[in-house]
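Note that the working numbering gives residue 60 to position 61 of the sequence shown, counting from 1, and the numbers run on in steps of one.
Below is one structure, written out as structure tokens; the observations come after it.
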Amino acid sequence: MNGSKESGTQSRATIYGAHWCPDCRRCKTFMGEHGVPYEWFDILEHPELTREIQEKAGGKRVLPTIVFEDGDVLLRPTNVELARKLELTLHMNRTFWPLIIIGAGPAGLTASLFTARDGTETMVVEREAVGGNACPGLSPAHYRFRIQ
Numbered sequence: 000m001n002g003s004k005e006s007g008t009q010s011r012a013t014i015y016g017a018h019w020c021p022d023c024r025r026c027k028t029f030m031g032e033h034g035v036p037y038e039w040f041d042i043l044e045h046p047e048l049t050r051e052i053q054e055k056a057g058g059k060r061v062l063p064t065i066v067f068e069d070g071d072v073l074l075r076p077t078n079v080e081l082a083r084k085l086e087l088t089l090h091m092n093r094t095f096w097p098l099i100i101i102g103a104g105p106a107g108l109t110a111s112l113f114t115a116r117d118g119t120e121t122m123v124v125e126r127e128a129v130g131g132n133a134c135p136g137l138s139p140a141h142y143r144f145r146i147q
């Protein structure tokens, strides 16, 4: 089977879907943004996988079907369900921050670095990829501060 690897490391999940499926794109984006290595199989390119997917989905054809290395299967999961499965932080324990920066693009990251140097506790909120277009290859492992 020739799927496409999102990362050169051992995949933690296999996503079965189709290029036209918006939920498939959302799941791939979510996992990629959180640095979760996965293997992708487009069922249009690999029709022989349809039966395997239906077996894992209890006889249904549900896209995306995500199979994790521990054997768990998620069918058309929400981002919250993916975050729980991947044990990502969903909620903050704090209710107050002296400074909140909206956007972790180049300007937001620069501002957060300067405020961190000054000792100001800062929360940075980003909807998509940290670093924006300036840092497309960076993952949270590259930063010296905690990204949640």
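Just so you know, even glycine gets a beta-carbon here, dropped at the ideal spot from N, CA and C.
Check, Outcome
"Boundaries (first-last residue) of the alpha helix (DSSP H) holding Ala12", "Here Ala12 belongs to no alpha helix (DSSP H); instead the beta strand (DSSP E) covers Ala12 to Gly16."
"Bridge partner(s) assigned by DSSP for Thr88", "Per DSSP, none; premise fails for Thr88."
"Identified DSSP bridge partners for Val66", "Thr13 and Val72"
"Cα-Cα separation, Tyr37 to Pro46", "20 Å"
"Member of Ser111, Thr88, Ala106 and Pro105 whose CA lies at the smallest distance from the CA of Pro97", "Ser111"
"Within 9 Å, strictly: CB atoms of Gly131 and Pro105", "yes"
"Assigned secondary structure, Ile100 (DSSP; H/G/I helix, E/B strand, else coil)", "strand"
"Nonlocal neighbours in the same chain, by C-beta distance under 7 Å from Gly7, ignoring five residues either side", "With a pLDDT of only 46 at Gly7, under the threshold of 50, the placement of this residue in the model should not be trusted, and no figure is reported."
"Euclidean distance between Cα positions of Gln147 and Gly16", "Residue placement at Gln147 is poorly supported in this model, since its pLDDT is 49, which falls under 50; the coordinates still yield a value, given next. About 28 Å."
"Beta-carbon proximity list for Gly57, same chain, < 7 Å, skipping 5 on both sides", "none"
"Residue(s) in a DSSP beta bridge with Asp22", "Partner(s): none; Asp22 has no beta bridge."
"Coil, strand or helix - Glu44 by DSSP", "coil"
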